[in-house]
Amino acid sequence: MMKVVYIFWLRQIKKYYRSKSRIIGSLGQPVLFLLALGFGFGPIFQKAGQGNYLQFLAPGVVSMSIIFFSVFSGIEIIFDRQFGFLKETLAAPVSRFSIMLGRTLGGASVATLQGLLVIIIATIAGFRFDVAASLSLLLLFMFLIAVLFTALGTAIGSLMEDFHGFQLVVNFLIMPLFFLSGALFPLEEAPKILTAFAAIDPLAYGVDGLRGSLMQTTHFGLPVDLAVLFCLSAIMIALGAYFFSKAQV
Amino acid sequence: MENIIEVENLTKSFGKITAVNNISFEVGKGDIFAFLGPNGAGKSTTIKMLTTLLEPTSGQIKVAGFDVCHDEDDARHSFGIVFQDPSLDEDLTAYENMDLHGVLYGINKKERKERVESLLKFVELWDRHKDLVKHFSGGMKRRLEIARGLLHHPKILFLDEPTIGLDPQTRNHIWSYIKDMNQKEQMTIFFTTHYMEEAQRVAKNIAVIDNGTIVAQGTPEELLSKTNSQSLEDAFLALTGHNIREESPDAWAHIRAMKRAKR
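These protein sequences, in sequence, are chains G and E. Using our numbering, the final residue of the first sequence is 559, and nothing's skipped along the way. Using our numbering, the final residue of the second sequence is 267, and nothing's skipped along the way.
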């Protein structure tokens, strides 16, 4: 069991460092958000008395890069289906749960790495935070967000037969989750309807957790963030494993 | 002879299309069993059901004594498979593909290392074992897949058109290895092919499937005498006719075709 989990985790890691273009390509969007929004809205944010917008925005953009990368990692199952490798894994005499868990942890690990790269870029752009205090907490939050959304991607990928539905997933699932999470604006003064949506948006707890561990300011409180993310990750792994176990070729 | 595969009233439909229609057959332990049929006859669909990759619409399959619908995991332990279409991870090296397979089939590290090396040497890919599979030619990929299928020594080896795209030298080389394993380890071989002379040469028993039903079954000699033919190719044509079939490459194509039909 552990060996199978490990070999699939390793597979994701190897595929990640072999695809340099994907690593760099996936950094384009976060960089654009940081620079265009961070510096574009910065002065207005400042005038409104909310302080430095880049400081506020950076954790949100980190969470964005993680959610995109991890959902995509999960959905990669469709590639495996199209290139045929999925058959090899589905016919093997190991539990599909261990395959799914290995893939998910691997996908989540690379998404976390990708998030760390964005933190480094944000720091170059002027983002300041206190590392020493909360590095492990920060990594934990990043990893939990990544696990949750890799498992979600796996569930979706197990149900989809080709990539035609991918745009649907991005526009009707990922984008709303991102925009309603409070990654771009403070939830405190947002209209009731938006805060209500944020309260049921899993990513909101991720963004809040990142902000909490990077800058010690939170909306829901760190224990709530942790509990919500932890439970949802567990549920999503169970769901993803269920759909993956039903996958046919 | 004890039966290692038992199929009873097996049916698989994709919507209105019935790919496999109420077939029954047995394969004895240690047999080399050829499953022949024109394109789209239902060969691959049957193999996918035998190997737990597709759920039958109805009917029963027992592989090595295990019901593939209920004891999938036990059934999966008993067989190995070389698929008709590609099933390698092209972003991994030849060695990594083999190694991953070895882990999946529970071969310990030391034995894995030895077998991977000897099999890669056997299919003459050892000097390329560190190369990514995406840089391999079609024939090299095929050889790698066969080497991978032989890595663990299963009770039953399913080979879905294993020698497609390989030159006669490689074909002979690989078949002599498979026959050797069949003799030494009583490994049952279940294979499909479009090369009739290949089937005639290696198969002990043959079933011919056409339009989802089995039209003939027996030893190669029995099929020849039944159809008054000189070669298996003639016997095959006598049994299945001369019409060229419309091919549907896989189960998903069936489903896609159905979806288009609905629109």
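The beta carbon of each residue, even a glycine, is placed where N, CA and C say it ideally should be. As the structure is a computational prediction, the values presented were derived from the model and not from experiment.
query: Roughly how many whole angstroms lie between the Cα atoms of residue 122/E and residue 23/E?; result: 39 Å
query: Pick out whichever of 90/E, 41/E, 102/E and 13/E has its Cα sitting closest to the Cα of residue 200/E.; result: 41/E
query: List the residues that DSSP assigns as beta-bridge partners of residue 64/E.; result: 12/E
query: With DSSP collapsed to three states, give me the class of residue 471/G.; result: coil
query: Since I believe residue 374/G is in contact with residue 304/G (beta carbons under 8 Å), could you give me their beta-carbon distance rounded to a whole number of angstroms?; result: No answer is possible for residue 304/G: the residues shown for chain G start at 311 and end at 559.
query: Please confirm if residue 476/G has its CB atom under 8 Å from at least one CB of chain E.; result: no
query: Whose C-beta lies closer than 8 Å to the C-beta of residue 212/E among residues of the same chain, with five residues either side of it excluded?; result: 40, 41, 218, 219, 220, 221, 227, 240, 243 and 244
query: Within the stretch 119-173 of chain E, note down every full beta strand (DSSP E) run reaching 3 residues or more, in order along the chain.; result: 160-164
query: Taking 7 Å as the cut-off, is the CB of residue 484/G close to at least one heavy atom of the ligand ATP?; result: As presented, the structure is devoid of all ligands, the ligand ATP included, so that no description of it is given.
query: Assuming residue 101/E is part of the alpha helix (DSSP H), what are its boundary residues?; result: 98-108
query: So what does DSSP say about residue 404/G, is it helix, strand or coil?; result: coil
query: Suppose the cutoff is 7 Å on Cβ atoms and the five residues either side in sequence are ignored; what does the same chain contact list for residue 152/E look like?; result: 101, 102 and 105
query: Can you check whether the C-beta of residue 317/G is within less than 8 Å of a C-beta belonging to chain E?; result: yes
query: Please name the residues in the stretch 402-421 of chain G whose beta-carbon is closer than 8 Å to at least one beta-carbon of chain E, in chain order.; result: 402, 403, 404 and 405
query: Cβ of residue 88/E within 8 Å of Cβ of residue 165/E?; result: yes
query: Relative to the C-alpha of residue 500/G, which candidate in 529/G, 525/G and 550/G has its C-alpha closest?; result: 529/G
query: Which two residues bound the contiguous beta strand (DSSP E) that contains residue 27/E?; result: 21-32
query: Please return the same chain residues whose Cβ sits closer than 6 Å to the Cβ of residue 490/G, not counting the five positions on each side in sequence.; result: 507, 508 and 511
query: Can you grab the Cα-Cα spacing for the pair residue 533/G / residue 516/G, in whole Å?; result: 12 Å
query: Just how far apart, CA to CA, sit residue 543/G and residue 357/G?; result: 39 Å
query: From the beta carbon of residue 86/E, is the nearest beta carbon of chain G less than 8 Å away?; result: no
query: Under DSSP, the beta strand (DSSP E) around residue 214/E begins and ends at which residues?; result: 209-214
query: Since residue 368/G contacts residue 80/E with CB under 8 Å, what's their CB separation in whole angstroms?; result: Not quite, the Cβ-Cβ distance comes to about 47 Å (not below 8 Å), so this is no contact.
query: Along the chain, where does the alpha helix (DSSP H) that runs through residue 217/E open and close?; result: Unbroken run through residue 217/E is the beta strand (DSSP E), 217-222; no alpha helix (DSSP H).
query: Answer with buried or exposed for residue 482/G, where buried requires no fewer than 16 other C-beta atoms within 10 angstroms of its C-beta.; result: exposed
query: Touch check for the stretch 411-428 of chain G and the stretch 449-457 of chain G: three-plus C-beta pairs under 8 Å?; result: yes
query: Could you give the residue range of the alpha helix (DSSP H) that holds residue 86/E?; result: Where residue 86/E is concerned, there is no enclosing alpha helix (DSSP H), although the beta strand (DSSP E) it sits in stretches over 83-86.
query: Can you give, in chain order, each stretch of the alpha helix (DSSP H) that sits fully within the stretch 327-369 of chain G and has at least 4 residues?; result: 330-342 and 350-357
query: Could you please give me the residues that DSSP links to residue 176/E through a beta bridge?; result: For residue 176/E, which the question treats as bridged, DSSP gives no partner whatsoever.
query: According to DSSP, simplified to helix, strand and coil, what is residue 491/G?; result: coil
query: So with Cβ pairs under 8 Å, would you call residue 321/G a contact of chain E?; result: yes
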